[in-house]
Amino acid sequence: MLNHTRCGRGEPLVLVHGLGSQWQVWRPVLERLAADREVVALDLPGFGGSAPLPNEPTVAALARAVADLVAELGLDHPHVAGNSLGGAIALELARAGLA
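Reading the sequence shown from the start, the letters are residues -8 to 90 in this note's numbering.
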């Protein structure tokens, strides 16, 4: 399971950081976002507290890892927001019908 933090209650929102970052990049907005929704901020594979992927970390592979976390946490079609690489992953999740 990817390293993550989870806070708030309500409709789920998954936050995906950019290249070379970790979930803590979202700290300045976590409390505000969690006021009316459940927020999950994660470390992508190979960043922060998450182990790297065994294969090449393509956008599709990273999106699969995020989708796996979403499934493990029991989130049903969460909203996903990301910056930089995280934005590309959010788009891939939407394209695949997972967000």
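We put the beta carbon where it would ideally sit given N, CA and C, even for glycine.
At the level of alpha carbons, what is the spacing between residue i and residue j?
{"i": "residue 83", "j": "residue 51", "result": "7 Å"}
{"i": "residue 41", "j": "residue 34", "result": "6 Å"}
{"i": "residue 12", "j": "residue 75", "result": "10 Å"}
{"i": "residue 22", "j": "residue 73", "result": "17 Å"}
{"i": "residue 16", "j": "residue 81", "result": "16 Å"}
{"i": "residue 65", "j": "residue 8", "result": "21 Å"}
{"i": "residue 1", "j": "residue 67", "result": "12 Å"}
Give me, in chain order, the residues of the same chain whose beta-carbon lies closer than 8 Å to that of residue i; leave out the 5 immediate sequence neighbours on both sides.
{"i": "residue -1", "result": "24, 25, 26, 27, 28, 29, 30"}
Would residue i be called buried (16 or more neighbouring beta carbons within 10 Å of its own) or exposed?
{"i": "residue -7", "result": "buried"}
{"i": "residue 71", "result": "buried"}
{"i": "residue 94", "result": "What is shown of the chain runs -8 to 90, which leaves residue 94 out entirely."}
{"i": "residue 54", "result": "buried"}
{"i": "residue 94", "result": "Lying outside -8 to 90, the shown extent of the chain, residue 94 is not represented and no answer is given."}
{"i": "residue 36", "result": "buried"}
So residue i and residue j are in contact, right, with Cβ under 8 Å, and what is the actual spacing, rounded?
{"i": "residue 3", "j": "residue 69", "result": "4 Å"}
Given residue i, which residues of its chain have a CB within under 6 Å of its CB, disregarding the five upstream and five downstream residues?
{"i": "residue 79", "result": "50"}
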